[in-house]
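Report on one structure; see the data block that follows.
Protein chains: 2
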Amino acid sequence: MTKKIQKRDAEASKRSIVLSAIKLFSTRGYAGTSMDELAKECGLNKAMIFYYFKNKKGLYEAVMEEILQEIYKAITQKISSSTSAEVQLETFIKTYGTFACSHPYLPALLLKELSDSGAVLPQQLFKSMRKLFGLFSDILRRGEKEGVFKKSMPMVLYFMVIGSLNLIVTTKPLRQKAAKLDDIELDTCSECEIEDISNYVTSNILLVLKPFYKE
Amino acid sequence: MTKKIQKRDAEASKRSIVLSAIKLFSTRGYAGTSMDELAKECGLNKAMIFYYFKNKKGLYEAVMEEILQEIYKAITQKISSSTSAEVQLETFIKTYGTFACSHPYLPALLLKELSDSGAVLPQQLFKSMRKLFGLFSDILRRGEKEGVFKKSMPMVLYFMVIGSLNLIVTTKPLRQKAAKLDDIELDTCSECEIEDISNYVTSNILLVLKPFYKE
DNA sequence: TATATAATTAACTAACTAGTTAATTAAAAG
DNA sequence: CTTTTAATTAACTAGTTAGTTAATTATATA
Chain R
439 MTKKIQKRDA EASKRSIVLS AIKLFSTRGY AGTSMDELAK ECGLNKAMIF
489 YYFKNKKGLY EAVMEEILQE IYKAITQKIS SSTSAEVQLE TFIKTYGTFA
539 CSHPYLPALL LKELSDSGAV LPQQLFKSMR KLFGLFSDIL RRGEKEGVFK
589 KSMPMVLYFM VIGSLNLIVT TKPLRQKAAK LDDIELDTCS ECEIEDISNY
639 VTSNILLVLK PFYKE
Chain U
439 MTKKIQKRDA EASKRSIVLS AIKLFSTRGY AGTSMDELAK ECGLNKAMIF
489 YYFKNKKGLY EAVMEEILQE IYKAITQKIS SSTSAEVQLE TFIKTYGTFA
539 CSHPYLPALL LKELSDSGAV LPQQLFKSMR KLFGLFSDIL RRGEKEGVFK
589 KSMPMVLYFM VIGSLNLIVT TKPLRQKAAK LDDIELDTCS ECEIEDISNY
639 VTSNILLVLK PFYKE
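Order-wise, the sequence lines are chains R and U.
543 is the number that my numbering gives to position 105 of the first sequence; each next residue is one higher, with no gaps.
634 is the number that my numbering gives to position 196 of the second sequence; each next residue is one higher, with no gaps.
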């Protein structure tokens, strides 16, 4: 039995709020996003936001939960098809890069949260961040046990990876603008594809982990 | 002739506003900082802020200008004492790390701004960012010409450096919290000194630029 | 000492903020 | 067809926001 088109659809309304919230939170930040504006953006009455999400913080929590789960799912899925630590690491970095690029709200929101050390959502961000870093860290540890990776500082390498990829995505408009004025010669990578950047980051990290690695 | 203690000192008032603004903007962000709160924080009447800085954006601009100039000065000073591209690069990274650690508002503000692609201050952030990146980029280019560095993607390497160092500083409280609960084994580098991290980042970048480099 | 100027203040405004409420609709269940 | 329940709305509140204004101090100068 096919669902008929309903005038009232709780799930659709809820989804619409989350989607608009992702857009606004990632561009204007938590404090910079107003619930009036959000209601206008998604075409629903403001009271609906509080009806479904209790308060602003609750909505923000739902938004962060959603996108962090999404990226985690995307990465674990791709990784599962391989057992080699090298390939898994490569897959991790490339999947993160591609996902970040096609969902640019992720880097914006993540950097904003991390630059606050989780001022809005300490507990929850903490758990999700930990989960993703745990994945990365496990790959390095396994590679080390198997003798294919050198001993390393996983936290620093992780930040080198997500730091660079996130910044590449969020600064894209800024870097393109920089490329237009040619007062000084400066390559801001304004035409680079995310695949090339992911590849470069991957080979750099592998170079660090495998001293005799050649790309 | 020594200046007597004055009840009215424009420079001191202005300075006091900027210092409090740095503190608040870096912890609460632009939108999250209120001018009433700032006035209370620095013990001056709110009207003084508008008297000296015209409006909120003007104050923010002054704050960003100040700290970006400070880090630029710190780095150029240290770098000037060497001519070798390798040593200059090492000095760049280490000075940035130490400065970021002892002025933790820098990473917080920079990451916030960069994650917006300069939503508040496109023009100015743009120029200051360019200047600092130009310094980094010049070192790589000179090293390349002199045959001591491989060809590289300076923008990506730059983001790997400042991305990791900034994140290490801003997430410190979060990582220390993570270290306390030991449900899963996970090294978050909570006890690491910034010197060790800067060293590690430096040797990683040098490894990328000089394939036969041994630390 | 008188005057001009710069620094400071309290009190104000108009717009905006997150969140509430009570009434109203639409759909599902009996 | 009626009743219950869930979804939606307009209108509201109480507090906060950036920014203004006119009056008032203090200081340097003539």
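Ideal Cβ placement from N, Cα and C applies to all residues, glycine included.
Exposed or buried, what is Val525 of chain R when buried is set at 16 or more other beta-carbons lying within 10 Å of its beta-carbon?
One-based indexing of the first sequence puts residue 525 of chain R at position 87. Result: exposed.
Which class does Lys441 of chain R belong to by DSSP, given the choice of helix, strand or coil?
Here the question's residue 441 of chain R lines up with position 3 in the first sequence. Note that Lys441 of chain R has pLDDT 33, beneath the 50 cutoff, so the model's placement of it is unreliable and the number below is only indicative. Lys441 of chain R: coil per DSSP, three-state reduction.
Endpoints, the alpha helix (DSSP H) within which Ile505 of chain U is located:
In the second sequence, the residue the question calls residue 505 of chain U occupies position 67. Ile505 of chain U -> alpha helix (DSSP H) spans Lys494 to Ile517.
Please list the segments of the alpha helix (DSSP H) lying wholly inside the segment 576 to 630 of chain R, counting only runs of 4 or more residues, in order along the chain.
Complete alpha helix (DSSP H) runs here, min 4: 592 to 608 and 610 to 618.
From Val639 of chain U to Thr533 of chain U, what does the alpha carbon distance come to, in whole angstroms?
For the purposes of this step, residue 639 of chain U is identified with residue 201 of the second sequence, where counting begins at 1. For the purposes of this step, residue 533 of chain U is identified with residue 95 of the second sequence, where counting begins at 1. Spanning the two alpha carbons is a distance of roughly 12 Å.
If we count the other Cβ atoms within 10 Å of its Cβ and call it buried at 16 or more, is Phe574 of chain U buried or exposed?
Mapped onto the second sequence, residue 574 of chain U falls at position 136. Looking at its Cβ environment, which holds 16 or more other Cβ atoms inside 10 Å, Phe574 of chain U is buried.
Alpha carbons only, please: which of U:Thr609, U:Cys480, U:Leu644 and U:Ser590 is nearest the one belonging to Leu563 of chain R?
The count along the first sequence starts at 1 and reaches residue 563 of chain R at position 125. Ranked by Cα distance from Leu563 of chain R, the options U:Thr609, U:Cys480, U:Leu644 and U:Ser590 are led by U:Thr609.
Leu603 of chain R to Ser636 of chain R span [Cα, whole Å]:
If you number the first sequence from 1, residue 603 of chain R lands on position 165. If you number the first sequence from 1, residue 636 of chain R lands on position 198. Cα to Cα, the separation comes out at about 7 Å.
How far does the alpha helix (DSSP H) with Pro542 of chain R in it extend, from its first residue to its last?
Indexing the first sequence from 1 puts residue 542 of chain R at position 104. First-last for Pro542 of chain R: undefined, no H or E at that position.
Reference Thr521 of chain U, options U:His541, U:Asp576, U:Glu633 and U:Glu623, closest by Cα
By one-based count along the second sequence, residue 521 of chain U stands at place 83. Across the set U:His541, U:Asp576, U:Glu633 and U:Glu623, the C-alpha of U:Asp576 shows the shortest separation from the C-alpha of Thr521 of chain U.
The alpha helix (DSSP H) with Thr521 of chain U in it runs from where to where?
Within the second sequence, the letter at position 83 stands for residue 521 of chain U. Here Thr521 of chain U belongs to no alpha helix (DSSP H), and DSSP marks it neither H nor E.
Residue-chain proximity (Asn637 of chain R, chain U), Cβ-Cβ < 7 Å
Within the first sequence, the letter at position 199 stands for residue 637 of chain R. So, not an interface residue.
If Met502 of chain R and Ile487 of chain R are in contact, beta carbons under 8 Å, what's the gap, nearest whole angstrom?
Mapped onto the first sequence, residue 502 of chain R falls at position 64. Mapped onto the first sequence, residue 487 of chain R falls at position 49. The C-beta distance from Met502 of chain R to Ile487 of chain R rounds to 16 Å, too long to meet the 8 Å contact threshold.
Check the Cβ-Cβ distances between Lys478 of chain R and every residue of chain U, and say whether any is below 7 Å.
Counted from its first residue, the first sequence places residue 478 of chain R at position 40. By this cut-off, Lys478 of chain R is not an interface position.
Segment limits, alpha helix (DSSP H) that includes Leu644 of chain R
Reading the first sequence from its first residue, position 206 is the one you call residue 644 of chain R. Run containing Leu644 of chain R: Ile632 to Leu647, per the alpha helix (DSSP H) assignment.
Neighbour list for Leu573 of chain R in chain U, Cβ cutoff strictly below 7 Å
Within the first sequence, residue 573 of chain R is the residue found at index 135, counting from 1. Correct list: empty, because the minimum Cβ distance to chain U is about 11 Å.
I think Thr465 of chain U touches Ala546 of chain U, with their Cβ atoms under 8 Å apart; what is that distance to the nearest whole Å?
Reading the second sequence from its first residue, position 27 is the one you call residue 465 of chain U. Reading the second sequence from its first residue, position 108 is the one you call residue 546 of chain U. Distance from Thr465 of chain U to Ala546 of chain U at the Cβ level is roughly 7 Å; contact confirmed, criterion being Cβ atoms closer than 8 Å.
Go ahead and pull the three-state DSSP assignment for Asp474 of chain R.
The count along the first sequence starts at 1 and reaches residue 474 of chain R at position 36. Shown here, Asp474 of chain R sits in a helix according to DSSP, grouped into three states.
Are at least three pairs of beta-carbons, each pair with one atom in the segment 557 to 571 of chain U and one in the segment 614 to 629 of chain R, less than 8 Å apart?
Under the three-pair Cβ rule at 8 Å, the segment 557 to 571 of chain U counts as touching the segment 614 to 629 of chain R.
Just to confirm the assignment, what range does the alpha helix (DSSP H) spanning Arg453 of chain R have?
Taking the first residue of the first sequence as 1, we reach residue 453 of chain R at position 15. That run of the alpha helix (DSSP H) goes Ala448 to Arg466.
Pairwise C-alpha distance: Met593 of chain U and Ser628 of chain R
On the first sequence, residue 628 of chain R is found 190 positions in, with the first residue counted as 1. On the second sequence, residue 593 of chain U is found 155 positions in, with the first residue counted as 1. One C-alpha to the other measures close to 9 Å.
How would you label Asn493 of chain R, buried or exposed, when you count the other beta carbons within 10 angstroms and need 16 or more for buried?
Counted from its first residue, the first sequence places residue 493 of chain R at position 55. By the neighbour-count rule (16 or more Cβ atoms within 10 Å), Asn493 of chain R is not buried but exposed.
Report yes if the C-beta distance between Leu506 of chain R and Ser458 of chain R is below 7 Å; otherwise report no.
Taking the first sequence and counting its residues from 1, one reaches residue 506 of chain R at position 68. Taking the first sequence and counting its residues from 1, one reaches residue 458 of chain R at position 20. Their beta carbons are not under 7 Å apart, which means Leu506 of chain R does not touch Ser458 of chain R by this criterion.
Measuring straight from C-alpha to C-alpha, what distance separates Ala469 of chain R and Leu605 of chain R?
Walking along the first sequence from the start, residue 469 of chain R turns up at place 31. Walking along the first sequence from the start, residue 605 of chain R turns up at place 167. If you take the alpha carbons of Ala469 of chain R and Leu605 of chain R, they lie about 21 Å apart.
Let's test the definition: count the other Cβ atoms within 10 Å of the Cβ of Lys442 of chain U and tell me whether it reaches 16, buried, or not, exposed.
Taking the first residue of the second sequence as position 1, residue 442 of chain U is located at position 4. Residue placement at Lys442 of chain U cannot be trusted, given a pLDDT of 37 that sits under 50; the coordinates are not used to answer.
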